[in-house]
Amino acid sequence: MIFCRHNSKLSQRYAFTMLELVFVIVILGILAALALPRLDRDIRQEAADNILSAIRYTRLLALTDDKTDPEDNNWQAELWAIRFTLSSTNPDSTYYTIATDKNGNGAIIKAEAAIDPYTGQYLYNTSGSFASRAADESPNIFIGHNYGIDGINFTGGCSNSNKHIAFDHLGRAHTGIASATNTFSTYINQDCTITFSFKSSNINDLSIVIEKQTGRAYIVGQPDS
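Under the numbering used here, think of the first position of the sequence shown as 123, with each following residue one higher.
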């Protein structure tokens, strides 16, 4: 007959004391509080990366598509441009479009818009709203819906009235292209700063500079961006 000896030490059960549980809860609360500001910065940085990439993509399209035609007084109206549409009341209606006005008539249509290299959809919006966008229109353009941007302000060498920036085949920045002529008066003569504000008061404004002459774009506070 085989006898099994019961080991009382192995049968013991351990549990947290109330004091230990309190310490764990406090530590988790501190970590959560530290993580919240980081979440806000991520939203701001995500918006910065999206918009800066869109501006640079517009410039890249212009570099590979020379619109210069001295025999056409309206050729500058056909430059590749990024246009921002702002709605302070409906975030779903704040977005950007990247397009070339191929016929220079001042009306941008979907066929003139660029294709989002990430989604294969048009960087264009027909309905004026994220909620009712078409299936072939990229959701990445809706910076109001995606990031809570509710303010866009152009200062310096660019026009705040029509909120666009265009580029030519040398990468130089232009503004006011809709009424352009062969006088080349659309070149920006000083750096353009585009400032984006957010609905959340916890997120600092985002400013992107587009340099005169070169058209180089970068995030203010991140010169190497």
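Glycine included, C-beta positions come from ideal geometry on N, C-alpha and C.
6 Å Cβ shell around residue i - same chain, five flanking residues per side excluded
| i | result |
| --- | --- |
| N195 | T303, N304 |
| T317 | N275, D327, S329 |
Euclidean distance between Cα positions of residue i and residue j
| i | j | result |
| --- | --- | --- |
| S347 | T139 | 50 Å |
| S249 | T241 | 19 Å |
| S254 | N212 | 13 Å |
| A233 | N227 | 14 Å |
| I177 | L150 | 41 Å |
| Y246 | A235 | 6 Å |
| Y309 | I299 | 9 Å |
| D313 | A257 | 37 Å |
| A170 | I332 | 14 Å |
| R181 | I237 | 14 Å |
C-beta atoms of residue i and residue j nearer than 8 Å
| i | j | result |
| --- | --- | --- |
| V210 | D272 | The sequence shown places Ser at residue 210, not Val. In contact: S210 and D272 (Cβ atoms closer than 8 Å). |
| Y217 | I287 | no |
| A295 | K321 | no |
| I220 | Y269 | no |
| H77 | F289 | Nothing in the structure corresponds to residue 77, since the chain is present only between 123 and 347. |
| S260 | Q243 | yes |
Backbone secondary structure at residue i - three-state DSSP
| i | result |
| --- | --- |
| Q344 | strand |
| I124 | Residue placement at I124 is poorly supported in this model, since its pLDDT is 47, which falls under 50; the coordinates are not used for a value here. |
| T336 | coil |
| H352 | For residue 352 there is no data in the structure shown, the boundaries of the chain being 123 and 347. |
| I299 | helix |
| A253 | coil |
Same chain, Cβ closer than 8 Å to residue i, five either side skipped, listed in chain order
| i | result |
| --- | --- |
| D187 | W202, T222, H291 |
| L174 | I330, A339, Y340, I341, S347 |
| A184 | L201, W202, A288, F289, D290, H291, G293 |
| I230 | R205, T219, A221, D223, Y246 |
Cβ neighbours of residue i in the same chain (closer than 7 Å, five flanking residues each side left out)
| i | result |
| --- | --- |
| G278 | Q312, D313, C314, T315 |
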